[in-house]
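J.: Quick one: the structure is below, questions incoming.
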Amino acid sequence: MYTVDDVKEIYKFKNRASDEEIIQNINDGLNLDISNFAILICAILIASIGLNMNSVAVIIGAMLISPLMGAIIGIGYGIGTYNTDYIKKSFVLLIFEIAISLATATLYFLLTPVKGASAEMISRTTPTIFDVVIAFVGGTAGMIGLSRKRPGNVLPGVAIATALMPPLCTAGYGIAHLNIKIFLGAGYLFFINSFFIAVSTFLVVKALKLPKKTFIDKKREKNIKRLTIILSILVMIPSVISAATMVTQTVNDQNLNNFINTQINKNSYVLNKSINKANKEINLVIFGSELTNNNIQDLDSKLQYYGFPGYKLKVTQDQSLNLVSYIEKLQQDKNNPVSSLDTNKDENSSQSNTNSNFSSIGNQLKALYPQITDVVIGKGEHTLTTDNNDSTLLVFISEKGKNSLNKDNIKKYLQEATGYKNIILTID
């Protein structure tokens, strides 16, 4: 049987370093020397290349060598010990590091010949509450690691989990291409990560009872804690809304896919699908076997059983779509025999391989050209000629206004992103 003392012993911090050693560990991350800045520039360049090439392995490598976390932990430690000198030093260092990182990333994305926003970049522009949790837990683990004599693999793991580098690089991409949406989204993710790493550090410092720099009364200490809680809630609100939107969108997409897979004739192909919440409409663009009015009414009555009560089904069956009658299904999986794309899907659902995932390509086009409202992509083979065995990619783009898109530039981008030489591009 365990005694109370045994239980207390289990929950003690094992292998804890002395207070002086902990402070020295934190100080080591606050060195304002040229070597740290050189390492930071190298890390930013590596991360930018990884994001540009959509390579997760390269991005992880950049996060492992990044020195960014030291200043953020220093801020949390300074607040926890009421050490204003520490707070100022850490804050100045962080500002310098952010400025250098943004300048380096912006310069890289101005010079690189690959101009498209990859799926890895886009996934860094819509922070959610899950990012808050990761930053908080990661920061907690990082500070506990610094408080041990042998941190082991804690700090490298925290560097990967909290992912401070990719949002900064993505923000640099937004500056380079004057894309305010990408810049603000990535900047907010970096702010979330930094803020909650600092908050978790502050709490661990309190739990470890590290010595305070200056004595303050209980009332002021209580006010600092209250301010920390209020700021944490305010910072979290947009991410909670984003997470709720993402979850709702994912559920709706799954329900719509289920409806299409089970109810739409197997000889009919869905080129495009969208959910209009404002008008409570499900919009489908279909070609293949024509649906009669009775078929559409029958499908309309079944929407309520798939999570869309009160919604109306709007089906477009344009004869002009005969041009693409040779399009093959994009996915042969028996559970998803549908070829479709909705660029209004949450950007966080984009897949990592842009060459094979048309949804990712559509999201990238939307990020690069905000005037694009919809993208439909189909893959097909030539059926009326025998001298051309190459696959052809059919791309239909809808835009706000007219003649604002450069067709040649978009076609070149699609050729680079997909690997297809033959592309039929229609802009409406």
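Per UniProt numbering, the sequence shown starts with residue 1, numbered consecutively.
Positions of the beta carbon are idealized from the N, C-alpha and C atoms, including for glycine.
What residues in its chain sit with their C-beta under 7 Å from that of A186, if we drop five residues either side in the sequence?
T.: On the sequence shown, residue 186 is found 186 positions in, with the first residue counted as 1. Same-chain partners within the cutoff: R124, T125, P167, T170, A171 and G174.
J.: Considering only residues of the same chain and omitting the five flanking positions on each side of A159, which have a CB-CB separation below 7 Å?
T.: Counting from 1 along the sequence shown, the entry for residue 159 is found at position 159. Within the same chain, A159 has close Cβ partners M63, L64, S66 and M69.
J.: Are L32 and F91 closer than 9 Å when you measure CB to CB?
T.: To locate residue 32, count along the sequence shown from 1; it is residue 32. To locate residue 91, count along the sequence shown from 1; it is residue 91. No; because the gap between Cβ atoms is not below 9 Å, this pair is not in contact.
J.: According to DSSP, simplified to helix, strand and coil, what is K219?
T.: In the sequence shown, counting from the first residue as 1, residue 219 sits at position 219. K219 falls in the helix class under three-state DSSP.
J.: Give every residue of the same chain whose Cβ lies closer than 8 Å to the Cβ of A71, excluding the five residues on either side of it in the sequence, and list them in chain order.
T.: Counting from one through the sequence shown, the residue named residue 71 turns up at place 71. Result list for A71: G29, L30, S90, F91, L93, L94 and E97, in chain order.
J.: For E120, is the classification buried or exposed, using 16 other Cβ atoms within 10 angstroms of its Cβ as the cut-off for buried?
T.: Taking the first residue of the sequence shown as position 1, residue 120 is located at position 120. Classification of E120: buried, given that the 10 Å Cβ count is 16 or more.
J.: Less than 9 Å between the C-beta atoms of A105 and A47, yes or no?
T.: Reading the sequence shown from its first residue, position 105 is the one you call residue 105. Reading the sequence shown from its first residue, position 47 is the one you call residue 47. Result yes, Cβ atoms of A105 and A47 sit closer than 9 Å.
J.: Apply the 10 Å Cβ neighbour rule to V247 and answer buried if 16 or more other Cβ atoms are within range, or exposed otherwise.
T.: Along the sequence shown, one-based indexing puts residue 247 at 247. By the neighbour-count rule (16 or more Cβ atoms within 10 Å), V247 is not buried but exposed.
J.: Can we say the segment 248–268 touches the segment 225–237, given the rule of at least three CB pairs closer than 8 Å?
T.: Short answer: they don't touch.
J.: Can you have a look at L291 and say buried or exposed, based on whether 16 or more other CB atoms are within 10 angstroms of its CB?
T.: Counting from 1 along the sequence shown, the entry for residue 291 is found at position 291. Buried, because 16 or more other Cβ atoms sit within 10 Å of the Cβ of L291.
J.: Going by beta carbon distance, what residues of the same chain come within less than 8 Å of I361, once the five residues before and after it are set aside?
T.: Against the sequence shown, residue 361 aligns to sequence position 361. Cβ within range, chain order: T354, V375, I377, L414, A417 and T418.
J.: Please tell me whether I192 and V235 are closer than 9 Å, where the distance is taken between their beta carbons.
T.: If you number the sequence shown from 1, residue 192 lands on position 192. If you number the sequence shown from 1, residue 235 lands on position 235. Yes, the pair counts as a contact, with Cβ atoms nearer than the cut-off.
J.: Can you list, in chain order, the residues of its chain with a C-beta nearer than 6 Å to that of Q331? Leave out the 5 residues immediately preceding and following it.
T.: Position 331 of the sequence shown, counting from 1, holds the residue named residue 331. With a pLDDT of 38 at Q331, under the threshold of 50, the predicted position of this residue should be treated as unreliable, though the coordinate-derived value follows. Closer than 6 Å at the Cβ level, and outside the excluded window around Q331, lies no residue.
J.: For the alpha helix (DSSP H) containing N54, name the first residue and the last one.
T.: What you label residue 54 is simply residue 54 of the sequence shown in a count that begins at 1. Per DSSP, N54 belongs to no alpha helix (DSSP H) and is neither H nor E.
J.: Using CA coordinates, which residue listed in V205, P113 and L111 is at the minimum distance from G139?
T.: For the purposes of this step, residue 139 is taken as residue 139 along the sequence shown, with counting starting at 1. Of the candidates V205, P113 and L111, the one whose C-alpha sits nearest the C-alpha of G139 is V205.
J.: Please report how far the alpha carbon of I44 lies from the alpha carbon of K219, in whole angstroms.
T.: Residue 44 sits at position 44 when you count from the first residue of the sequence shown. Residue 219 sits at position 219 when you count from the first residue of the sequence shown. Going from the Cα of I44 to the Cα of K219 covers about 43 Å.
J.: In whole angstroms, give me the CA-to-CA distance for T245 and F130.
T.: What you label residue 245 is simply residue 245 of the sequence shown in a count that begins at 1. What you label residue 130 is simply residue 130 of the sequence shown in a count that begins at 1. In a straight line, the C-alpha of T245 is about 13 Å away from that of F130.
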